[in-house]
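Structure first, then comments.
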């Protein structure tokens, strides 16, 4: 359960984080060295299995219970004309998720994950953050707690994503607040705004930074003032997962911006996360670089809904299948040694 | 059946290629535009489905019957000390494939594909191509034919890969012969040679280029003189797939080098292929660029065995699941129009 009811209590929780399990990670690495392949030849697949073990605390790790959590929210800033779609689409897409018709429904099934969609007060959009804070402290804390409590303690992995018309503008504003550069650096086309819409997004980001200049030094205050409920919930879910040592796959630009305040508060907070992909949304690659995250996929996707995280889950499953299913050199009777005397010139 | 018995007959077959099915591809693109997501927001996933349809000739395309073909061969050039492993490992790994213990067995199962391993005269390594042509014309044609005939006509997709101690040296020599730059540009560490081994590989490539200087203008002669049986079979399988309009996922450096002669003979030959991944083997990224192929995955893998292609198959399945399973805007009652009069400032 979420044990915070204010910025200051939440901040304390954000700074009080457990480490992973190096013994489990080491056991994975030791087994990898015995499997019938040249050392390290599965590259990042090997790293991913060690990372899963590092956080789950057992070797081999498991991917039996994987949950995809998609948080949805509405944004007052849409009245500034920052999205190609009307904000009614948020609730329409939540219905589409419920009926199994969205991309994430297909991707979740294909990757063997359970999908849960959590709408957050869709009937009450956040305030327009060019005019006032998007959320009050209590609204923000409630959204963070909703995300925190959505993480099932017995989960092997959580994939996080979002739906919210207008939320790439909130994400750009958060990125600009935390890493500098303003709207020109961080605003992108989102679901597909034209040149005028992009210009409006840039201006909106810059106006938000000016309006909230007094709190830009405080990552949690930034998340409340220029974020959104679904972003706050993703922050809460990521925090809950870290506190319970559950590995996380992040999705695109909005999802990454949502967790960036955690990394600003404490640099190693996102060690239990991997970036599922790098989105086509302009700011995402830069934001991942700022956070030191290396994406698993780069497929020009820009949908949100945890779609990139769900696609990347297939790669984790492939990695784990190799680790658990492969024979060792001894079992298979394969030479694991450098070429020997039989081939005197061999390279070793 | 393979209808070639000489270089000249094979060359004629290589130049006589059917086009794809633009109507099927267009039907996919038209359906994509009706699905509940912003246009093009699934990025390359959408392109992949259209590409599958382009070659299969039906919309939606299918991935019911997917075969992974792994060809194995032995190389006389190993006596030059170019591999970290003895050449006995080729036959040992073929046994490991048969018993289900290799990485590709796990990756095939995880991706829902059938694995077939085709050893090619392992007891008779090719000749050392620093001294003479690796294969005679008839040996080469036989290996190409073995690959050509391995492709099942009713297949929805073929993933190609290889096993052969010493074959990254053959691949580097082919790449150098076709694209220039010599051993310094193309030789890499393969399964893991040390600095001395790498220096030997570079020298071996340069000696091969000098030894076979007279035939370097002829892509098929290059494939015979400095290739290997498993590379020739991959060339044959890729040709058979194109002739039957079956899409292909290529694997790493060796697999890509094996098909490069086809692209040199006719520039559009590889249109029915996708690069499953870019390998950590030094030359692969350059070779993909030379061929205009954009890899699906970049995960620092360098195992061969079709492992990168099999991992990428999961991405194709995810793409197809979205295309066939998603609701349309009309079915889901989701607004597919730009924000309208209800939001007068909206960006459109």
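Chains as they are written, first to last, in the numbering used here: chain A, 18 to 365; chain Y, 18 to 365. Quick reminder that beta carbons are idealized off the backbone N, C-alpha and C, glycines included. Note that the structure is a prediction, hence the values are computed from the model and not measured.
Are the beta-carbon atoms of residue i and residue j separated by less than 8 Å?
i, j, result
"residue 288/Y", "residue 252/Y", "no"
"residue 224/Y", "residue 35/Y", "no"
"residue 151/Y", "residue 244/Y", "yes"
"residue 176/A", "residue 293/A", "yes"
"residue 256/Y", "residue 279/Y", "yes"
"residue 40/A", "residue 173/A", "no"
"residue 254/A", "residue 168/A", "yes"
"residue 126/Y", "residue 338/A", "yes"
"residue 262/Y", "residue 90/Y", "no"
"residue 324/A", "residue 112/A", "no"
"residue 77/A", "residue 301/A", "no"
"residue 219/A", "residue 201/A", "yes"
"residue 154/A", "residue 241/A", "yes"
Which of the three DSSP states, helix, strand or coil, is assigned to residue i?
i, result
"residue 365/Y", "Unreliable positioning characterises residue 365/Y in this predicted model, as indicated by a pLDDT of 33, which lies under 50. A coordinate reading is not provided."
"residue 182/Y", "coil"
"residue 65/A", "helix"
"residue 127/Y", "helix"
"residue 75/A", "coil"
"residue 92/Y", "strand"
"residue 136/A", "strand"
"residue 305/A", "helix"
"residue 351/Y", "coil"
"residue 226/Y", "helix"
"residue 111/Y", "helix"
"residue 265/A", "strand"
What residue from the options has the CA that sits closest to residue i's CA?
i, options, result
"residue 271/A", "216/A, 232/A and 203/A", "203/A"
"residue 141/Y", "128/Y, 122/Y, 23/Y and 95/Y", "95/Y"
"residue 129/A", "153/A, 69/A, 79/A and 19/A", "79/A"
"residue 249/Y", "187/Y, 290/Y, 120/Y and 75/Y", "187/Y"
"residue 315/Y", "332/A, 210/A and 54/A", "332/A"
"residue 28/A", "281/A, 226/A, 230/A and 194/A", "281/A"
"residue 59/Y", "349/Y, 343/Y and 352/Y", "343/Y"
"residue 181/Y", "340/Y, 110/Y and 67/Y", "110/Y"
"residue 115/A", "131/A, 100/A and 103/A", "131/A"
"residue 193/A", "155/A, 183/A and 226/A", "226/A"
"residue 351/A", "43/A, 52/A and 42/A", "52/A"
"residue 123/A", "326/A, 348/A and 214/A", "326/A"
"residue 267/Y", "171/Y, 93/Y, 88/Y and 229/Y", "88/Y"
"residue 57/Y", "298/A, 347/A and 329/A", "298/A"
"residue 84/A", "304/A, 171/A and 102/A", "171/A"
"residue 346/A", "346/Y, 336/Y and 102/Y", "102/Y"
"residue 197/Y", "233/Y, 217/Y, 240/Y and 165/Y", "233/Y"
"residue 163/Y", "183/Y, 20/Y, 149/Y and 328/Y", "20/Y"
"residue 303/A", "328/A, 329/A, 273/A and 330/A", "273/A"
"residue 217/A", "185/A, 230/A and 195/A", "185/A"
Please report the straight-line C-alpha distance between residue i and residue j, rounded to a whole angstrom.
i, j, result
"residue 137/Y", "residue 107/Y", "11 Å"
"residue 264/Y", "residue 45/Y", "16 Å"
"residue 72/Y", "residue 37/Y", "5 Å"
"residue 23/A", "residue 158/A", "6 Å"
"residue 178/A", "residue 54/A", "35 Å"
"residue 321/A", "residue 25/A", "31 Å"
"residue 199/Y", "residue 86/Y", "30 Å"
"residue 285/Y", "residue 61/Y", "20 Å"
"residue 312/A", "residue 69/A", "16 Å"
"residue 208/A", "residue 30/Y", "46 Å"
"residue 147/A", "residue 222/A", "8 Å"
"residue 144/Y", "residue 48/Y", "53 Å"
"residue 206/A", "residue 100/Y", "49 Å"
"residue 211/Y", "residue 353/A", "16 Å"
"residue 291/Y", "residue 307/Y", "14 Å"
"residue 318/A", "residue 64/Y", "11 Å"
"residue 277/Y", "residue 215/Y", "23 Å"
"residue 104/A", "residue 247/A", "14 Å"
"residue 357/Y", "residue 236/A", "Only weak support is given to the placement of residue 357/Y: the predicted model assigns it a pLDDT of 45, under 50, and the question is left unresolved by the model."
"residue 283/A", "residue 161/A", "17 Å"
"residue 258/Y", "residue 295/A", "32 Å"
"residue 364/Y", "residue 183/A", "Residue placement at residue 364/Y is poorly supported in this model, since its pLDDT is 36, which falls under 50; the coordinates are not used for a value here."
Run through the DSSP bridge pairs and tell me what residue i is partnered with.
i, result
"residue 294/Y", "314/Y"
"residue 271/A", "Paired residue(s): none; residue 271/A is not in a bridge."
"residue 85/Y", "132/Y and 176/Y"
"residue 345/A", "52/A"
"residue 99/Y", "Note: residue 99/Y sits in no beta bridge, so no partner."
"residue 255/Y", "Residue 255/Y pairs with nothing; no bridge assigned."
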